[in-house]
Every structure is written in structure tokens, then in C-alpha cells.
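A.B. asks:
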Amino acid sequence: MWSLFRYFYRHHVVILFLFLEIVGFILIFSYNSFQRAGFINSSAHITGNIYDRYSAITDYFNLSIVNRQLAEENARLRESLLAQNRIDDSTSTIAFIKPDSTGSYHFIPARVINNSVNRQHNFITLNKGARHGIRPDMGVLSTQGVAGVVSHVSDSYSVVISMLNIRWNVSAKLKRNNYFGSLTWDGKDYRYALLNEIPFHVDLMEGDTIVTSGFSSIFPEGMPLGIIESFKKEGGDNFYQIRVQLSVDFKAVTYVEVIDNRKRPELDALEKLSNNGKDLD
């Protein structure tokens with residue numbers, strides 16, 4: 045206690061000065077509206093800047109949460125849109141050849157945690173796995189189009205065979221006239237793939253849109269694959285050589301959706317019986 049008294053006694057002049065300064069400011073701002081307004085404006089400006097910087101920092105750290113929420117909302121919207129498209133298709137004269145797919149597709153949002161584009165056999169790793177409902181042979185979409193198909197799954201992660209894999213192909217068609225073929229990657233440029241099995245008599249145009257054919261239970265019909273960049277005829281072959289610019293920028297894939305076709309087991313079982321040559325009656 046005696047030390048505290050000695051401290052105050054030693055610095056009593058400074059303490060008295062600070063006390064009088066505070067009293068003076070209080071009197072000024074209490075009885076002079078101009079100074080009071082200036083003080084309030086200054087303090088509001090300083091406080092606002094602090095809050096603004098704090099908000100910017102918190103927004104930055106919340107980006108992953110916002111992105112995840114947007115990915116989940118995008119998956120829900122894609123389900124709704126696909127279901128609506130199937131309902132619209134049911135009114136057409138060829139509805140009988142299309143499966144009753146309304147509500148059969150479920151989309152599971154996931155984030156890319158590893159990706160390769162410079163190999164012959166490229167893969168994508170996702171932060172979702174079996175406990176999230178992901179299984180092998182499920183299709184994978186990015187926000188731009190088809191990205192690949194699930195190859196292996198652990199409890200919390202999954203590995204996807206990228207479209208940039210020379211061992212994988214996808215059933216594709218021309219959106220404009222429905223002629224179908226097979227889209228494969230030739231292992232050269234991550235931006236381009238080759239569309240095969242399109243015969244010479246088909247009318248082609250540069251810029252034609254290529255989408256999934258729907259002939260596979262992995263992908264719904266009409267998912268974006270790319271556009272025709274160029275095509276040519278080669279002697280001795282009855283098919284075009286078609287170069288397709290892929291819709292997906294595989295160097296920038298961050299968020300994807302894994303496609304769960306809830307009616308796939310039924311379809312696969314039926315097709316397996318047919319492939320085995322068994323009587324379906």
C-alpha cells in the first residue's frame with residue numbers, strides 16, 4: 045500500500061494533468077454541439093473502419109462455409125430442374141422410350157481436395173465418401189459439366205476417374221440432332237477430347253453442343269460435355285474425326301456433385317439378365 049502512495053505522490057503532477065484534460069474534454073463536448081458532433085463523427089468513422097475490417101476478415105474465413113452452402117443449394121436446384129425436365133418430357137410422343145426418372149436422381153455436393161491433369165490416367169479426390177452416400181460408378185458433375193466417375197471409396201473420401209483418362213469414355217450425342225457416339229480423351233491436351241462413331245452423313249457444325257446421351261445409368265441425359273471445335277473426314281473410314289472443346293476447365297475444378305441414380309440397381313439388374321441371354325418374361 046505504501047508503494048502505491050509513493051507512486052501517486054511521485055507522479056501526482058502527470059495524474060492531475062490527465063484528470064484535468066479529461067474534465068476539459070467532457071465540458072467541451074457536453075456544452076459545445078459543434079465539437080460534440082465532430083467527435084461523434086470521428087469516433088463513428090473509426091469504429092466503422094474497425095467493424096469493416098473485422099467483417100472482411102470474418103467473411104474471408106467464412107468463405108468455405110458459404111461455398112459449401114452454395115454447393116448444397118446448387119445440388120438441390122439441379123435435382124428440381126432435372127425432375128421438371130423429365131415431367132415436361134412425359135408429354136412428348138416419345139415419352140414411352142424414356143424411363144420414369146422423376147425424382148430418381150439425388151446429387152451429393154463435394155469438394156475437390158486433389159486433382160491431376162498432366163498424366164495419361166488422371167484422377168480427382170473428393171472430401172466425401174461412403175458415409176455420405178457415395179459409391180463406386182457414380183457420375184460426377186462440376187458446375188460446368190461432366191467431370192468423371194467414382195472409382196474407389198473410403199468412409200470419408202472418394203477417388204474419381206477424371207474425363208482426362210485415356211481408359212475412360214462416356215456415351216455422348218449431338219444436342220442438335222441426337223446422333224450419338226463415344227467421347228474419349230487422347231491424353232494430349234486437358235482442354236480437348238475426341239468424339240467418335242459419328243458417320244459421314246451426319247450434318248455437323250463447329251460450335252455444335254455435345255451432351256450426355258442418357259444411354260448409361262451413370263449420367264442423366266443432356267449433361268454438358270463440350271462443343272465441336274473442329275472436324276474432318278479421313279479416307280478409308282466412315283466416321284468423322286471430331287475434336288471437342290471440353291466444357292469443364294479441369295485446372296479449376298473446386299466443387300462437384302456426385303450423382304446417385306436411385307433406380308440404377310433395378311436398371312442394372314434388368315440389363316444384366318438381358319446380357320446373360322436369359323428370358324425376361
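The opening residue of the sequence shown carries number 45 in my numbering; numbering runs sequentially from there.
A virtual CB, placed ideally from N, CA and C, is assigned to each residue, including glycine.
The model shown is predicted, which means the values in this text are computed figures rather than measured ones.
Please state the DSSP three-state secondary structure of residue 244.
C.D. replies: Coil.
A.B. asks: So, does the segment 162-178 touch the segment 297-308, judging by three or more C-beta pairs under 8 Å?
C.D. replies: The segment 162-178, when compared against the segment 297-308, does touch it at the 8 Å Cβ threshold.
A.B. asks: Which residues mark the beginning and the end of the alpha helix (DSSP H) in which residue 308 is found?
C.D. replies: Start and end: 308-319.
A.B. asks: Give me the residue from 165, 216 and 170 with the minimum Cα distance to residue 190.
C.D. replies: Nearest of 165, 216 and 170 to residue 190, Cα basis: 216.
A.B. asks: Using a Cβ distance threshold of 8 Å, determine whether the segment 287-301 contacts the segment 149-160, with at least three qualifying pairs required.
C.D. replies: Yes: the two stretches touch, three or more of their Cβ pairs being nearer than 8 Å.
A.B. asks: Measure the Cβ-Cβ separation of residue 162 and residue 201 and say whether it is below 8 Å.
C.D. replies: Taking 8 Å as the Cβ cut-off, residue 162 and residue 201 do not qualify as a contacting pair.
A.B. asks: To the nearest angstrom, how far is the alpha carbon of residue 166 from that of residue 209?
C.D. replies: Taking the straight line from one Cα to the other gives about 5 Å.
A.B. asks: Alpha carbon to alpha carbon, how far is residue 180 from residue 198? Give it in angstroms, no decimals.
C.D. replies: So the two alpha carbons sit approximately 10 Å from each other.
A.B. asks: Can you tell me which residues form a DSSP beta bridge with residue 156?
C.D. replies: Beta-bridge pairing links residue 156 to 170.
A.B. asks: Return the first residue and the last residue of the beta strand (DSSP E) that residue 304 is part of.
C.D. replies: Taken as a continuous stretch (DSSP letters only), the beta strand (DSSP E) holding residue 304 covers 299-305.
A.B. asks: Comparing C-alpha positions only, which one of 310, 248 and 184 sits nearest to residue 271?
C.D. replies: Of 310, 248 and 184, the residue nearest in Cα terms is 248.
A.B. asks: Under 8 Å Cβ to Cβ from residue 278, same chain only, skipping five residues before and after it: list those, please.
C.D. replies: Excluding residues within five positions, the ones whose Cβ falls inside 8 Å are 285.
A.B. asks: Would you decide whether residue 237 is buried or exposed? Buried here means 16 or more other CB atoms lie within 10 Å of its CB.
C.D. replies: Buried is the call here.
A.B. asks: What would DSSP say about residue 66, mapped onto helix, strand or coil?
C.D. replies: Note: residue 66 maps to helix in three-state DSSP.
A.B. asks: So residue 262 and residue 193 are in contact, right, with Cβ under 8 Å, and what is the actual spacing, rounded?
C.D. replies: Right, their Cβ atoms sit about 6 Å apart.
A.B. asks: Tell me where the beta strand (DSSP E) around residue 256 begins and ends.
C.D. replies: Element bounds for residue 256: 253-256.
A.B. asks: Short check: CB of residue 282 to CB of residue 244, under 8 Å?
C.D. replies: Closer than 8 Å, so yes.
A.B. asks: I'd like the list of long-range same chain contacts for residue 307, defined as Cβ closer than 6 Å, with 5 residues on each side in sequence excluded.
C.D. replies: Closer than 6 Å at the Cβ level, and outside the excluded window around residue 307, lie 148.
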